[in-house]
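What follows is the structure in structure tokens.
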């Protein structure tokens, strides 16, 4: 909660006597700074003000994707600044993915030396990561790294032999690779070491484990995977294999005292799986190496795991299903602002109603927040900021403010225009919403 | 025409012996500079090369709109640089429009002091304009200013009383204003003085006079305009009034030895006008209130006037019609790249075939070129460059290169990716086409 009190009526900033209580110093100070205005002669003033404010959702995130394009650290730091101006408090760092692995691991240096776009210039060193985290911390922003697996890992395979599943064409390897190989003990040994490092480098209590968009065709083609499926009693049910893998990874990070966030797919697998038959068997050759009976199970991941909704179609129904199962949710689906359209497409972000789904009050409380996602297919440092700002700020207001008081796009428009000029004055390349001007235009080139 | 010859086989740039003839020094030198490449150790090389090249179209333009948003001069100069790298040779400066009048006229200083977004910070002084023109000249780029009238002139009215038509509600002025008032002699006196100044400030032989999107409702509401229509025998035919106005403006600039460019609407008015029936009847209560005969007329503007096609719908038919009338054309319609879409929308610019319309060879020769238009509703210096580049470069290749040799989007893709990295290395914030990286990423923020 944040309380700001300024008296008297209208005072020059330098003379202001502020009776100000900030229990959240960064957001409170930010609010205060945005109360300051200039008169026509350039003097700074604050009007008499009393603010008693608090965020509607506690998780207000921005996702940056540094795998599809590399983002220089300066671009990330600038994003953190602008996030603070909009009161975002979570930087979801989608740091690696198929195209490149820029994270320089101290345990597995080959991951970036072979998997980054360039081993020297397109990486995040340990020092870079520390710089991002400490810059974020000063703004009250938590940094949650995502190491997405078992899919989205093509770049991992370059520096870590045997990590990915060899795909087969008929009875011979095709030379291509699929998702992480879930049948080898070495996979889990590798992941245990990697996540041990990552858990210590990124101090936040959350870690994002991905788990989305796993294609099964390569697994299906591989005889070792098929043998493993048989041994485990998974039948032909690949969602079971995926669930088995994700549960293993979640358990690894749980043991490191991290709370996991995973994409909604992990919940969906569970749903698919639990509608299936009962007994699962482990045999010699699997890494448990004993025969076991596994009863019909629920979701075998810790109850505090957060599900992350990204699929645009049917996201309200998904909100219902996941919260009905008692799990917490972060909503990203309606805020994929890498998707651009001509015109005032910030409306789309602003008019999202995260709790407008069918469920009890208890269920609604399980929606801990939302996230604006800037996937990197078409974005790098050249266009990141104008594409993020002020469009992301529309989502930020939805996540911070009371729904009733911010229901009108028309009323939001001049406020967002002013805010955009504030961003520009502070050096953020925030693009215009429509025809007009700012007193202080962007002067860079 | 441009001839570049480099020998021998592969030579360090510093040792190169160049047998190079450049009859167009800027484009030839630009081609040469783009032949230079770095090896893995950073040395610069040129391979043996022989280029004999010339542009397909002589008019290869970019439109910037400095009225809907003000663009600092530095942003314009940078655009000129990137234009030269893509071999654009016309900067169409849509300098004023409804929202603001940033051009500081020496004859009518009130136009910008009252019509600009800000009279001191959001204007182009005479010195700014000279700077733009001389920078462009060094790159072989002509600067064609557009002073669009009679529509798109709301900002003009602020600094020039009686210039715009007072609109009426019933029998009383409503307080709002419409297009330029075409019935007052003072209008033409003003325009004569303004264009005399503009013709001398902008030395290029072309001048753009606009003439698009004139709404007739205000003219219709105004009793003086109606009386004028009556006097002139225009009946209720407002396109005739518009044509009358545009012909007057074209004649003013012709007398100043300028060749006019006008938007297609001016041709369309002519067509509408001449296709109307011969006798038009007005009665009491209508605004001409008399019966008159109006002869069928031709287009009364100089034959060398260039028509500028901007309407996306039916632009091929318009190409046919205008060239059939023996008039020259510049095509902008398919290159409105202010319109953005998610994904690789540069394909749209690349696959345009400007001569793919029904007409004779003689007609095709009348298409003197094309123009990539960046209208300013959603664009200012914060996002101009990533939105322009490299998407505009796709249009540039279409306008420069042989159609047969550049028919494949797939073949163009890696070439455009490389070129985009060249732009980034040269300091242009050119956005990425798709997943990947440049050796030298953009390092600004």
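Residue numbers (this note's numbering), protein chains in the order written: chain A, -15 to 429; chain B, -15 to 429.
Cβ coordinates follow ideal geometry from the N, Cα and C atoms, glycine included.
Values in this document were obtained by computation on a predicted structure and should not be read as measured data.
Check whether chain B comes within 8 angstroms of residue i, counting only Cβ atoms and requiring the distance to be less than that.
i                      : result
residue 370 of chain A : yes
residue 427 of chain A : yes
residue 101 of chain A : yes
residue 279 of chain A : Bear in mind that the predicted position of residue 279 of chain A carries a pLDDT of just 28, short of 50, making it too unreliable to give a figure here.
residue 56 of chain A  : yes
residue 367 of chain A : yes
residue 262 of chain A : Note on residue 262 of chain A: pLDDT 31, under 50, position unreliable in the model; the coordinate value appears next. Not closer than 8 angstroms to any Cβ of chain B, the Cβ of residue 262 of chain A fails to qualify, so no.
residue 416 of chain A : yes
residue 316 of chain A : no
residue 378 of chain A : no
residue 396 of chain A : no
residue 421 of chain A : yes
residue 129 of chain A : no
residue 413 of chain A : yes
Any idea if residue i is buried or exposed, counting beta-carbon neighbours within 10 angstroms, 16 or more meaning buried?
i                      : result
residue 20 of chain B  : exposed
residue 298 of chain B : exposed
residue 173 of chain B : exposed
residue 92 of chain B  : buried
residue 241 of chain A : exposed
residue 219 of chain A : exposed
residue 48 of chain B  : buried
residue 38 of chain B  : exposed
residue 23 of chain B  : exposed
residue 231 of chain B : buried
residue 43 of chain B  : buried
residue 104 of chain B : exposed
residue 439 of chain A : With chain A covering only -15 through 429, there is no way to say anything about residue 439 of chain A.
residue 84 of chain A  : buried
Against chain A, does residue i count as a neighbour if the rule is that its beta carbon must be under 8 angstroms from one of theirs?
i                      : result
residue 347 of chain B : no
residue 374 of chain B : no
residue 292 of chain B : no
residue 116 of chain B : no
residue 324 of chain B : yes
residue 112 of chain B : no
residue 126 of chain B : no
residue 153 of chain B : no
residue 265 of chain B : For residue 265 of chain B, the predicted structure reports a pLDDT of 33, less than 50, and the residue's modelled location is therefore unreliable. The matter cannot be settled from this model.
residue 362 of chain B : yes
residue 250 of chain B : no
residue 399 of chain B : no
residue 68 of chain B  : no
residue 62 of chain B  : yes
residue 59 of chain B  : yes
Please state the DSSP three-state secondary structure of residue i.
i                      : result
residue 67 of chain B  : helix
residue 333 of chain A : helix
residue 215 of chain A : helix
residue 284 of chain B : coil
residue 99 of chain B  : helix
residue 237 of chain B : helix
residue 139 of chain A : helix
residue 21 of chain B  : strand
residue 151 of chain A : strand
residue 86 of chain A  : coil
Can you find the residues in the same chain that come closer than 6 angstroms, C-beta to C-beta, to residue i, ignoring five residues on each side of it along the sequence?
i                      : result
residue 167 of chain B : 208, 209 and 212
residue 378 of chain B : 330, 333 and 334
residue 268 of chain A : With a pLDDT of only 38 at residue 268 of chain A, under the threshold of 50, the placement of this residue in the model should not be trusted, and no figure is reported.
Within a Cβ cutoff of 8 angstroms, which residues of the same chain sit near residue i, ignoring the five residues on either side of it in sequence?
i                      : result
residue 128 of chain A : 45, 74, 75, 76, 77, 186, 188, 190, 191, 192 and 245
residue 248 of chain B : 196, 291, 292, 293, 294, 295, 302 and 306
residue 412 of chain B : 62, 65, 66, 69, 369 and 373
residue 308 of chain A : 343 and 347
residue 204 of chain A : 210 and 222
Examine the ligand GTP and report whether any of its heavy atoms sits within less than 7 angstroms of the Cβ of residue i.
i                      : result
residue 115 of chain B : The ligand content of the structure shown is nil, which means the ligand GTP is not present either.
Can you name, in chain order, every residue of its own chain whose Cβ lies under 7 angstroms from the Cβ of residue i, other than the five neighbours on each side?
i                      : result
residue 426 of chain A : 408 and 413
residue 181 of chain A : 89, 90 and 91
- Item | Contained beta strand (DSSP E) runs [length at least 3] in the stretch 339 to 393 of chain B, N- to C-terminal order | List check, beta strand (DSSP E) in window: 351 to 358.
- Task: Just list the beta strand (DSSP E) runs in the stretch 35 to 79 of chain B, keeping only unbroken ones of 3 residues or longer that don't cross its boundaries, in chain order.
- Result: Secondary structure remark: continuous beta strand (DSSP E) runs of at least 3 residues inside the stretch 35 to 79 of chain B, in chain order: 43 to 49 and 74 to 78.
- Only counting runs of 4 or more residues, tell me where the alpha helix (DSSP H) segments fall wholly within the stretch 101 to 129 of chain B, in order along the chain. Whole alpha helix (DSSP H) segments, 4+ residues: 110 to 122.
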